[in-house]
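Asker: The opening residue of the sequence shown carries number 323 in the working numbering; numbering runs sequentially from there.
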Amino acid sequence: MLTSTGLHAATTVVLTAGTNVPRLCEPLSADLAIAASPATLARVTAPAGLVKTIVAHPDFEVREVREGDLLMVVPHVEGTTALERSAQDAFQRMKAAFQGSDQCRLLGYHTGRRPMPAHGPVIGYATHDRSVYVAVMHSAITLGPTVGRLIADELVTGRPASELHRCRPRAH
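#1: Tell me which same chain residues have a C-beta within less than 7 Å of the C-beta of A419, skipping the five on either side of it?
#2: Spell out a yes or no on whether the region 334 to 352 and the region 393 to 413 are touching, meaning 3 or more CB-CB pairs, one atom from each, closer than 8 Å.
#3: Going by Cα to Cα distance, which pick from H432, D353, R452, R385 is closest to T362?
#4: Rounding to the nearest angstrom, what Cα-Cα distance links A339 and M416 in this structure?
#5: Tell me where the beta strand (DSSP E) around S359 begins and ends.
#6: In the region 376 to 450, which residue ranges form an unbroken beta strand (DSSP E) of at least 3 residues, counting only runs that do not cross its ends?
#7: Which residue marks the beginning of the beta strand (DSSP E) containing V572, and which one marks its end?
#8: Between the Cα of Q425 and those of V454, V399, L392, P443, spot the shortest distance and give me the residue it belongs to.
#9: By DSSP, does T505 sit in helix, in strand, or in coil?
#10: To the nearest angstrom, how far is the alpha carbon of D411 from that of A370?
#11: Taking 7 Å as the cut-off, decide whether the C-beta atoms of A448 and A352 are in contact.
#12: Roughly how many angstroms lie between the CA atoms of V313 and A368, to the nearest whole one?
#13: The alpha helix (DSSP H) spanning L346 covers which residue range?
#14: By DSSP, does V469 sit in helix, in strand, or in coil?
#15: If you check the beta carbons only, do V396 and A364 fall under 7 Å apart?
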């Protein structure tokens with residue numbers, strides 16, 4: 323494989339670059355229908371244990387990523403001022419929902435692009451010669467550890483994981 327740092331010998335290249343996987347695979351004859359969807363996430367500092375799991379509420383979604391550090395989904399809107407207001411509003415709704423949230427602070431927010439595969443997760447060999455393996459899914463944060471274990475087992479043993487059967491890319 324030829325990269326910006328030079329040539330690297332490999333029998334299989336694993337691509338997990340989310341919304342960039344289709345572009346990286348353009349020279350191949352793989353059908354990778356992956357769209358990009360904007361998503362805004364906010365970082366919040368909070369008392370440890372304030373949020374113990376993923377909390378999905380009609381007004382916000384939040385989870386603790388490490389002790390005292392929360393990640394909150396912010397409704398995405400276009401425009402800097404509107405996005406700042408959206409982040410502040412979601413933060414205030416989250417604070418109102420939890421006792422002991424008076425110490426919470428909104429650290430910042432960022433909009434990125436989530437991969438949205440048209441037919442669900444795309445996981446498997448993208449070429450007939452098995453030289454390119456792709457792994458793209460919208461739910462990577464939640465399912466990443468399990469899918470990573472299944473992929474590693476496939477790559478090491480050569481045995482396809484039955485759990486990933488419906489996720490295979492369509493190679494031409």
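Think of the CB as a built atom: it goes at the ideal place given N, C-alpha and C, for glycine as much as any other residue.
Answerer: Quick look at the numbers:
#1: Excluding positions up to five away in sequence, the list reads H379.
#2: Counting Cβ pairs under 8 Å, fewer than three are found: no touch.
#3: The candidate whose alpha carbon is nearest that of T362 is H432.
#4: Going by the C-alpha atoms only, they are around 31 Å apart.
#5: Residues 356 to 367.
#6: Every beta strand (DSSP E) of 3 residues or more that sits fully in the region 376 to 450 is shown, in chain order, as 377 to 379, 382 to 388, 391 to 396, 427 to 439, 444 to 447.
#7: Because residue 572 is not part of the residues shown, which for the chain are 323 to 494, the question remains open.
#8: Nearest C-alpha to Q425: L392.
#9: Residue 505 lies beyond the range of the chain shown here (323 to 494); nothing can be said about it.
#10: Rounded to the nearest angstrom, the two C-alpha atoms are 22 Å apart.
#11: The answer is yes: Cβ separation under 7 Å.
#12: Residue numbering for the chain in the displayed model covers 323 to 494; residue 313 lies beyond these limits and cannot be assessed.
#13: Here the alpha helix (DSSP H) through L346 covers 343 to 346.
#14: Residue state for V469 is assigned as helix, using DSSP reduced to three classes.
#15: V396 places its beta carbon less than 7 Å from that of A364.
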